Amino acid sequence: MKKHLKIAACLFRLNLASALEYRSSFLTQAFGMALSNSSFIFFWWIAFQQLGGYIAGYSFQDVLFIWATTSSAFGLANVLFANAANVTKLIVSGELDAYLLQPCNVLVNVLCARTSLSAYGDLAYGFILMGLAYHDTAAAWLWFFVGVLLGSLLFSAVTLTAHTLSFYWGDASMIGQLTTEFVINFSIYPDKIYGPAVRALMYSLLPIGLAIHVPLRLFRAFSPLTALAALGASLLYCVLAGVFFSRGLRRYESGNIMATRL
Amino acid sequence: MKKLRKYAVIARVSLKNAVAYKASLFSRFVFYTVFIYVFVMLWRAIYKEGSVNGYSYAQLIWYLIFTEYIGFCCGTGIFSTMNEDVKSGAIAYLIGRPAHYVFYQFANSLGLLLLNLCACGLLAAVLGLVFAGPLPGFHISVLPPLLLSVALAVVINFFFLMLIGLSSFVMEDNGALFFIYQKLTFMLGMFLPVEFLPSWLQPVAKSLPFSYVYWAPSRLFVDYSPALFRALIPRQALWAAVSVVLVLLCYRGSVRRLQLNGG
Numbered sequence: 427m428k429k430h431l432k433i434a435a436c437l438f439r440l441n442l443a444s445a446l447e448y449r450s451s452f453l454t455q456a457f458g459m460a461l462s463n464s465s466f467i468f469f470w471w472i473a474f475q476q477l478g479g480y481i482a483g484y485s486f487q488d489v490l491f492i493w494a495t496t497s498s499a500f501g502l503a504n505v506l507f508a509n510a511a512n513v514t515k516l517i518v519s520g521e522l523d524a525y526l527l528q529p530c531n532v533l534v535n536v537l538c539a540r541t542s543l544s545a546y547g548d549l550a551y552g553f554i555l556m557g558l559a560y561h562d563t564a565a566a567w568l569w570f571f572v573g574v575l576l577g578s579l580l581f582s583a584v585t586l587t588a589h590t591l592s593f594y595w596g597d598a599s600m601i602g603q604l605t606t607e608f609v610i611n612f613s614i615y616p617d618k619i620y621g622p623a624v625r626a627l628m629y630s631l632l633p634i635g636l637a638i639h640v641p642l643r644l645f646r647a648f649s650p651l652t653a654l655a656a657l658g659a660s661l662l663y664c665v666l667a668g669v670f671f672s673r674g675l676r677r678y679e680s681g682n683i684m685a686t687r688l
Numbered sequence: 402m403k404k405l406r407k408y409a410v411i412a413r414v415s416l417k418n419a420v421a422y423k424a425s426l427f428s429r430f431v432f433y434t435v436f437i438y439v440f441v442m443l444w445r446a447i448y449k450e451g452s453v454n455g456y457s458y459a460q461l462i463w464y465l466i467f468t469e470y471i472g473f474c475c476g477t478g479i480f481s482t483m484n485e486d487v488k489s490g491a492i493a494y495l496i497g498r499p500a501h502y503v504f505y506q507f508a509n510s511l512g513l514l515l516l517n518l519c520a521c522g523l524l525a526a527v528l529g530l531v532f533a534g535p536l537p538g539f540h541i542s543v544l545p546p547l548l549l550s551v552a553l554a555v556v557i558n559f560f561f562l563m564l565i566g567l568s569s570f571v572m573e574d575n576g577a578l579f580f581i582y583q584k585l586t587f588m589l590g591m592f593l594p595v596e597f598l599p600s601w602l603q604p605v606a607k608s609l610p611f612s613y614v615y616w617a618p619s620r621l622f623v624d625y626s627p628a629l630f631r632a633l634i635p636r637q638a639l640w641a642a643v644s645v646v647l648v649l650l651c652y653r654g655s656v657r658r659l660q661l662n663g664g
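Heads up: the sequence lines are chains A and B, in that order. Heads up, the first sequence is in the working numbering, so the first residue is 427 and it goes up one at a time. Heads up, the second sequence is in the working numbering, so the first residue is 402 and it goes up one at a time.
What follows is the structure, encoded as structure tokens:
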């Protein structure tokens, strides 16, 4: 475990150094992403201006909480594990060979190999939003941090699971993109806008609700049982995603491609 | 006439290319359906809380379906194509061809635009009927003026994106300009009708080109009247003309700065 963390930390340092090498591009993309997120908050502001009160049981403050948690969780996932969305490409093109030859855990090596520049904007945006909406509420910050940590793991695990299907079905890039789209949309809107079937999906197969909507509920009314159940289920999902990837890896056939990792 | 014929050939080839990639078309359909589903669920929840000024539920759902439809029609990737052409130097090969680069790019995107217009149009109609039922007051005779408005919206969007793409001649990283343009069009018409904006912001929105990409054609669609048509179409035509002229001027200036090395 210590060795894996060391490798992850080393890859993070390398990725950050590489990102900082192109400072203007890094800042532009991070700023662009924060701006992009702001447009959705503008939408919600207008919607609540029109109606006031609550939409599907969520106040404007609640929407800011789920937006902040989603933005930072998605950002952290893509700062640390951006390569999860690249797994299909690695499998289909045969570039996975380069990772298999290196003397470290394949999953850690694959997930941490790449970072996303715009994800830093997402990560920072959540904190800015929390600073504006909950600057003096310690409990909100506590559940925000829990949501960000669990959410980043779940975003990565869900993306990895979808792309791992490429080991079994061939090119699963569309399923991967669609899954990402679903988990984002499940996170940034009140969960009660969806019907029971979709709600069941967002707490089971694509369980991002556990990291975004459950922390909000726990902030409103703490329940140790709910907290433990959400934590246990999230960690179990991540472990299963790792096992699914390792099983799939056994079916991988080398592409005989000449590839280098610089 | 002969000049137009060569652009028609380019458009025909681009249409054949667009049709060949059926998986890409299918994936756009899936994403479009997902977006519409999410928006319908959201606005259903919002309308449960109370009425929204000026739009009935059916009108608003059709409005959103139409704005997303225009968004999907406009998805030709012209901004990244322009960026790539300029940064990779591929523009050197394209400007040497016996066709004006700007109109070549437009004709080259026309095939995909037309395919999106037809194929996504059918899907949009089906989704609208499923989620909102027939649009009250809509008559088939509205289609020609509506198509004109959509065509002008597509031209405004295409040429403004091209203008941002051309900025890569002078800016190393023009991604922020693209983000700003995209979000302005989203906020001033795509996600919300201009009528929902605060009263101080509405005249500002109506005096800028961004609202004429999504809001103008969608407003015409859900609440058509000859008076509204007369009010919106000249403004759309004006912004379309402005965008084309700006692109031509910038292109002329940019090509002068172009330096080619190697053989």
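Glycine residues also receive a C-beta, built at the ideal position from the N, C-alpha and C atoms. Bear in mind the structure is a predicted one, so any value in this text is a computation, not a measurement.
Close-in-space but distant-in-sequence residues of the same chain around residue i (CB under 6 angstroms, 5 per side omitted)
{"i": "residue 558 of chain B", "result": "475 and 614"}
{"i": "residue 618 of chain A", "result": "482 and 483"}
{"i": "residue 659 of chain B", "result": "none"}
{"i": "residue 491 of chain A", "result": "642"}
{"i": "residue 470 of chain B", "result": "521 and 525"}
{"i": "residue 497 of chain A", "result": "463, 548, 551 and 552"}
{"i": "residue 486 of chain A", "result": "474"}
{"i": "residue 532 of chain B", "result": "441 and 462"}
{"i": "residue 603 of chain A", "result": "none"}
Nearest-angstrom Cα separation, counted from residue j out to residue i
{"i": "residue 561 of chain B", "j": "residue 635 of chain A", "result": "39 angstroms"}
{"i": "residue 504 of chain B", "j": "residue 510 of chain B", "result": "10 angstroms"}
{"i": "residue 735 of chain B", "j": "residue 457 of chain B", "result": "With chain B running from 402 to 664 in the structure shown, residue 735 of chain B is simply not present."}
{"i": "residue 541 of chain B", "j": "residue 603 of chain B", "result": "30 angstroms"}
{"i": "residue 576 of chain B", "j": "residue 654 of chain B", "result": "21 angstroms"}
{"i": "residue 539 of chain B", "j": "residue 547 of chain B", "result": "11 angstroms"}
{"i": "residue 606 of chain A", "j": "residue 488 of chain B", "result": "30 angstroms"}
{"i": "residue 504 of chain A", "j": "residue 605 of chain B", "result": "37 angstroms"}
{"i": "residue 626 of chain A", "j": "residue 492 of chain B", "result": "51 angstroms"}
{"i": "residue 737 of chain A", "j": "residue 418 of chain B", "result": "This structure leaves residue 737 of chain A out entirely; chain A is present only between 427 and 688."}
{"i": "residue 410 of chain B", "j": "residue 476 of chain A", "result": "50 angstroms"}
{"i": "residue 513 of chain A", "j": "residue 570 of chain A", "result": "29 angstroms"}
{"i": "residue 585 of chain B", "j": "residue 468 of chain B", "result": "14 angstroms"}
{"i": "residue 600 of chain A", "j": "residue 627 of chain B", "result": "43 angstroms"}
For residue i, the three-state DSSP class (helix, strand or coil)
{"i": "residue 481 of chain A", "result": "strand"}
{"i": "residue 455 of chain A", "result": "helix"}
{"i": "residue 531 of chain A", "result": "coil"}
{"i": "residue 598 of chain A", "result": "coil"}
{"i": "residue 436 of chain A", "result": "helix"}
{"i": "residue 463 of chain A", "result": "helix"}
{"i": "residue 703 of chain A", "result": "Here chain A comprises residues numbered 427 to 688, so residue 703 of chain A is not present and cannot be evaluated."}
{"i": "residue 651 of chain B", "result": "helix"}
{"i": "residue 599 of chain B", "result": "coil"}
{"i": "residue 483 of chain B", "result": "helix"}
{"i": "residue 562 of chain A", "result": "coil"}
Neighbour flag for residue i against chain B, beta carbons, 8 angstroms
{"i": "residue 689 of chain A", "result": "Here chain A comprises residues numbered 427 to 688, so residue 689 of chain A is not present and cannot be evaluated."}
{"i": "residue 477 of chain A", "result": "yes"}
{"i": "residue 611 of chain A", "result": "yes"}
{"i": "residue 472 of chain A", "result": "yes"}
{"i": "residue 671 of chain A", "result": "no"}
{"i": "residue 600 of chain A", "result": "yes"}
{"i": "residue 485 of chain A", "result": "no"}
Residue i, enclosing alpha helix (DSSP H) - first and last residue
{"i": "residue 665 of chain B", "result": "Because chain B here runs from 402 to 664, residue 665 of chain B falls outside it and cannot be looked at."}
{"i": "residue 519 of chain B", "result": "502-533"}
{"i": "residue 470 of chain B", "result": "458-474"}
{"i": "residue 557 of chain A", "result": "543-559"}
{"i": "residue 504 of chain A", "result": "486-506"}
{"i": "residue 638 of chain A", "result": "635-646"}
{"i": "residue 659 of chain A", "result": "650-675"}
{"i": "residue 576 of chain B", "result": "576-586"}
{"i": "residue 615 of chain B", "result": "612-623"}
{"i": "residue 625 of chain A", "result": "622-628"}
{"i": "residue 546 of chain B", "result": "544-567"}
Below-8 angstroms beta-carbon distance, residue i vs any chain A residue
{"i": "residue 457 of chain B", "result": "no"}
{"i": "residue 624 of chain B", "result": "no"}
{"i": "residue 588 of chain B", "result": "yes"}
{"i": "residue 488 of chain B", "result": "no"}
Residues near residue i in its chain [Cβ-Cβ closer than 7 angstroms; skip 5 each side]
{"i": "residue 507 of chain B", "result": "559"}
{"i": "residue 466 of chain B", "result": "437, 525, 528 and 529"}
{"i": "residue 573 of chain A", "result": "495, 499, 637, 638 and 641"}
{"i": "residue 515 of chain B", "result": "416"}
Beta carbon proximity, residue i to chain E, threshold 8 angstroms
{"i": "residue 438 of chain A", "result": "Annotation note: the requested chain E is absent from the structure, which comprises protein chains A and B."}
Same chain, Cβ closer than 8 angstroms to residue i, five either side skipped, listed in chain order
{"i": "residue 624 of chain B", "result": "460 and 538"}
{"i": "residue 466 of chain A", "result": "493 and 614"}
{"i": "residue 540 of chain A", "result": "441, 508, 509 and 512"}
Residue i beta carbon near the ligand MN (any heavy atom closer than 7 angstroms)
{"i": "residue 648 of chain B", "result": "Ligands in the displayed structure: none, and consequently the ligand MN is not present."}
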